[in-house]
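In the numbering used here, the protein residues as written are 1016 to 1456. Note that beta-carbon positions come from the ideal geometry of N, C-alpha and C, so glycine has one too. Taking it in order: structure first as C-alpha cells, then the write-up.
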Ligand code: SAM
Ligand code: SF4
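As C-alpha cells, then:
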C-alpha cells in the first residue's frame, strides 16, 4: 500500500453524535496509517459514507448520495468507496446489488476492521462486506485524535452502544444491536488520557446512558469522572425518561462539573401514543421529572426529541404534545414526522394512518411554537453572564469566536485563535434565533 498510504480521504457523516464520533475514529485510524483528509470529493482516493437510517429521509439521503458517487468511480476506477453505519448494517449486501460501485460495506460493530478492509480491497480489487454483530465492540475502545476534531477541547466518549428498549417506531436496536456497556475503568482511562492532552469537556454517548452498567451505575460513572483533574465539564446524551433515577438527579445537585443541560426526548405528550410507542412513562410523569430536575438544578436547560403523526395520533393527542412544549419551554427541540422503519413493531402491527398532509401541518405548527419559545428563552438571557467554553473561530465571522454555555447555548463574541479552549465569562448582549451574541464580562 506504500504510495496509496499517502492517499486522501473524504468522510461524509450523517445522523447523530455517535456517528460523528465513529467518523472521527475512522479518520484518526486512517491518519495514523498516513492518509490525509480532503474537502474535495473529486480528489479523494477513499470516500466513506457514514450513514444513518433512523428516519426514512436520512436513509434516502444516504442512498442518493451513494448513487451520486458512481460517476467519481467511473472517472477514477482505483477510488475506494465505503459505506459504514446504520444503512450498511441494515442493508448489507443489498447495497451492492443496487450500487455495484461500492467496495466496502461495514456494519456498526465492525468499524475497527476498516484499515484491513481498505488494504484488502486495494491489493485484491475485491469488494468486502462485514456486518456481523459481536458481544464486544472493539471500536468503542479506539481513542480518537482530538486534534482532528473541530472542537479539540470537547471530546465525545462512547460509554455504551445499542439499545434494549425496543420503542415500537425505532430501528436502532436492529442496526446498533443489543446494549453493550463499556467497562467503566476503560471509560475513566480514556477520559484521563484526553484530560492530559488538554480536553476540558467530555460528552458521554449512548442510546440510553441512564441504563449504563459497565461495572458501576451511570451516576457512579459521573462521580468518577468528576474526580478527574483537568476535566471541567461533563455532558451526556441520550437519557430515556423512564430511566432517570434519583441518583442521577442528585448528581445535578452535587456535581458542579456536570453541565446544566439535559436532552430528554419525550416523543409525544399523549398517554395512549406513548403506550403504543412502548415508552413506559406518561405525560404527567414526564412533567414531574422536569420539575425534579429543575429543583435540583434551577438553571437547567432542556432539549428533547418529539415526533408527530405516529399511527392513530388524534388531534387531541397532538394537542397534548403541544401542551408539554408550552409547559417545559425547551431551549431546543428536534421534531420529526413519524416514518415507518422496516423490521420495527410499529411497522409490523400499526397502520401509518395519519396522512402526509396532516403530519406536515402538525409539524409546521409545532415548529412555529417552538421557534417562538426558543427565541423568547434566548431573549431572557440578555444581560446575564455565562461561562463559555470556546470551541473555535465563528464560521460566519473570522473576528469572532464561538463556544457553548453550560446550558449548551451557542455564544459568539469578539475574539481570536488564542481563546480556543478557554472558559470565559461572557455577558449576553443579543439574542438570535438559534444563538446568542455576547462580550467578555
Ligand atoms: N435513544 C434516543 C431516545 O430514546 O430518545 C433517541 C434515538 S433516535 C436515534 C433519535 C430520534 O429520532 C428519536 O428520539 C425520535 O424522535 C426520532 N425517531 C426515531 N425513529 C423514528 C421514526 N420511525 N420516525 C420518526 N422519527 C423517529
Ligand atoms: Fe430507539 Fe427507544 Fe432505544 Fe432510543 S430508547 S434508541 S428511541 S429504541
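| Item | Value |
| --- | --- |
| Which residues in the same chain as residue 1400 place their Cβ atom closer than 6 Å to its Cβ, once the five residues preceding and following it in sequence are excluded? | 1440, 1442 and 1456 |
| Indicate the three-state DSSP secondary structure (helix, strand or coil) for residue 1442 in the structure shown. | strand |
| Please classify residue 1153 as buried or exposed, where buried requires at least 16 neighbouring CB atoms within 10 angstroms. | exposed |
| Hey, residue 1051 and residue 1023 are a contact pair by Cβ (cut 8 Å); roughly how many whole angstroms apart? | 6 Å |
| Which word fits residue 1375, buried or exposed, when buried means at least 16 other C-beta atoms lie within 10 angstroms of its C-beta? | exposed |
| Does DSSP put residue 1343 in a helix, a strand or coil? | helix |
| So, for residue 1085: in the same chain, excluding its five sequence neighbours on each side, which residues have a beta-carbon less than 6 Å away from its beta-carbon? | 1116 |
| Thinking residue 1077 and residue 1064 are a contact (beta carbons under 8 Å), I'd like their distance in whole angstroms, please. | 6 Å |
| At 4 residues or longer, what runs of the alpha helix (DSSP H) sit wholly inside the region 1312-1343? | 1330-1343 |
| With a Cβ-Cβ cutoff of 7 Å, do residue 1143 and residue 1126 count as a contact? | no |
| Going by other Cβ atoms of all chains shown within 10 Å of its Cβ, with 16 needed for buried, is residue 1038 buried or exposed? | buried |
| Which runs of the alpha helix (DSSP H) at least 4 residues long sit entirely within the region 1092-1138? Give them in chain order. | 1101-1106 and 1109-1113 |
| Thinking just about the alpha-carbon of each residue, which of 1228, 1061 and 1150 is nearest to the one in residue 1191? | 1150 |
| So does residue 1278 have its beta carbon nearer than 6 Å to some heavy atom of the ligand SAM? | no |
| Got a sec, what are the start and stop residues for the alpha helix (DSSP H) residue 1388 sits in? | 1371-1394 |
| Let me confirm a value: residue 1310 is counted as buried when at least 16 other C-beta atoms fall within 10 Å, else exposed. Which label applies? | exposed |
| Could you tell me the boundaries of the alpha helix (DSSP H) in which residue 1090 lies? | 1085-1090 |
| Determine the DSSP secondary structure at residue 1249, reduced to helix, strand or coil. | strand |
| Quick one: what does DSSP say residue 1415 is sitting in, helix, strand or coil? | strand |
| Classify residue 1227: buried if its beta carbon has 16 or more other beta carbons within 10 angstroms, exposed otherwise. | buried |
| Quick one: is residue 1057 buried, meaning 16 or more other Cβ sit within 10 Å of its Cβ, or exposed? | exposed |
| Please check the pair residue 1256 and residue 1199, which I expect to be a contact at CB under 8 Å, by giving their CB distance rounded to whole angstroms. | Going by Cβ atoms, the distance from residue 1256 to residue 1199 rounds to 24 Å, so no, they are not a contact pair. |
| Could you please give the first and the last residue of the uninterrupted beta strand (DSSP E) stretch that includes residue 1064? | 1061-1066 |
| Can at least three beta-carbon pairs, one atom from the region 1260-1273 and one from the region 1228-1241, be found at a separation below 8 Å? | yes |
| Any idea what DSSP makes of residue 1076, helix, strand or coil? | helix |
| Rounded to a whole number of angstroms, what is the C-alpha to C-alpha distance between residue 1355 and residue 1293? | 15 Å |
| Does the ligand SAM have even one heavy atom less than 6 Å from the beta-carbon of residue 1074? | no |
| With a threshold of 6 Å, establish whether the CB of residue 1255 neighbours any heavy atom of the ligand SAM. | yes |
| Grouping DSSP H, G and I as helix and E and B as strand, with all else coil, what is residue 1448? | coil |
| Under a Cβ-count criterion, where at least 16 other Cβ atoms within 10 Å of its own Cβ denotes burial, should residue 1242 be classed as buried or exposed? | exposed |
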